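Asker:
Take a look at the structure:
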């Protein structure tokens, strides 16, 4: 309905991926891993005797590692945290060997929580969020709604203008403005800027010559 609100979302947790090196029967290992992270974080926070749980859950997923060449997908632990502020500290502890007494290489640990959420639910700045169901708060707090993350609908942008889907709403506004002005709403992407009289650099010429030599060497082997 296009309402402007202060939206409170529940059930969205920050996470990182860590390569899984445990046994085939994973449940017990995942519980031990979560407990080891909780313990390491509590010690790092100066509360060694605390039993605070920082890990919401750990699930096994498959994916291709970023680092190195891999023909097949591998198993990863997807580690969810309650508090986004604990992720950076946990990543440092994982890399430093404080968890399970060995170092781990976290993946996607550099992505901020808010951006991670936007990516996962295909959301863009200055655009709509499509919800399956919402609960409004009391009337005196008009304009505030709450939703659970699984009810967010994913929509793929069908815009053919530009390469940034986050600007689709702005392009649509411009098309509507043109219609109201009696102008054509068919917007074509601007042509690439011309670059006349571009002088190649010395390194560019050297690399081009090297490529030419490599091609000639390969041709001679055929």
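In UniProt numbering, the protein residues as written are 1 to 222.
The beta carbon of each residue, even a glycine, is placed where N, CA and C say it ideally should be.
Source: prediction; values computed, not measured.
1. At what residue ranges does the segment 70–141 contain a whole run of the beta strand (DSSP E), taking only runs of 3 or more?
2. In chain order, what residues of the same chain lie with their CB nearer than 6 Å to the CB of residue 36, ignoring the 5 residues before and after it?
3. Starting from residue 30, trace the alpha helix (DSSP H) both ways and give me its first and last residue.
4. In angstroms with no decimal places, state the Cα-to-Cα distance between residue 74 and residue 126.
5. In the DSSP assignment, find the beta strand (DSSP E) that holds residue 55 and state where it starts and stops.
6. Kindly indicate the opening and closing residues of the beta strand (DSSP E) around residue 9.
7. Which of the three DSSP states is assigned to residue 152 in this structure?
8. Could you check the C-alpha separation between residue 14 and residue 72 for me, to the nearest Å?
9. Alpha carbons only, please: which of 152, 121, 115 and 116 is nearest the one belonging to residue 133?
10. Just grab the DSSP bridge partners of residue 17 for me.
11. Using the Cα positions of residue 205 and residue 193, report the straight-line distance between them to the nearest angstrom.
12. Can you check which of these residues, 198, 172, 123 and 57, is closest to residue 188 by C-alpha distance?
13. Grab me the residues of residue 176's own chain with a C-beta within less than 8 Å of its C-beta, minus the 5 sequence neighbours each way, in chain order.
14. Return the CA-CA distance between residue 33 and residue 41, expressed in angstroms with no decimal places.
Answerer: Straight from the coordinates:
1. Scanning the segment 70–141 for uninterrupted beta strand (DSSP E) segments of 3 residues or longer gives 74–81, listed from N- to C-terminal end.
2. If you number the chain shown from 1, residue 36 lands on position 36. Excluding sequence positions up to five before and after residue 36, its CB lies within less than 6 Å of the CB of 99 and 100, all in the same chain and listed in chain order.
3. As a first step, residue 30 is located in the chain shown; it is residue number 30 there, counting from the start. That run of the alpha helix (DSSP H) goes 27–44.
4. Residue mapping note: residue 74 aligns to position 74 of the chain shown, counting from 1. Residue mapping note: residue 126 aligns to position 126 of the chain shown, counting from 1. When rounded, the distance between both Cα atoms is 36 Å.
5. Translated into the one-based positions of the chain shown, residue 55 becomes position 55. First-last of the beta strand (DSSP E) with residue 55: 55–63.
6. Against the chain shown, residue 9 aligns to sequence position 9. Residue 9 -> beta strand (DSSP E) spans 6–10.
7. Taking the chain shown and counting its residues from 1, the one referred to as residue 152 is at position 152. DSSP places residue 152 in the strand class (E or B) of the three-state scheme.
8. Here residue 14 corresponds to residue number 14 of the chain shown, with the count starting at 1. Here residue 72 corresponds to residue number 72 of the chain shown, with the count starting at 1. When the Cα atoms are used, residue 14 and residue 72 turn out to be separated by approximately 26 Å.
9. Walking along the chain shown from the start, residue 133 turns up at place 133. Of the candidates 152, 121, 115 and 116, the one whose C-alpha sits nearest the C-alpha of residue 133 is 152.
10. Position 17 of the chain shown, counted from the first residue, corresponds to residue 17. In the DSSP output, where bridge partners are listed per residue, residue 17 has 78 and 107.
11. Along the chain shown, one-based indexing puts residue 205 at 205. Along the chain shown, one-based indexing puts residue 193 at 193. The straight-line gap from Cα to Cα measures roughly 23 Å.
12. Here residue 188 corresponds to residue number 188 of the chain shown, with the count starting at 1. Comparing C-alpha distances from residue 188 to each of 198, 172, 123 and 57 shows the shortest one belongs to 172.
13. Taking the chain shown and counting its residues from 1, the one referred to as residue 176 is at position 176. Within the same chain, residue 176 has close Cβ partners 185.
14. Mapped onto the chain shown, residue 33 falls at position 33. Mapped onto the chain shown, residue 41 falls at position 41. Rounded to the nearest angstrom, the two C-alpha atoms are 12 Å apart.
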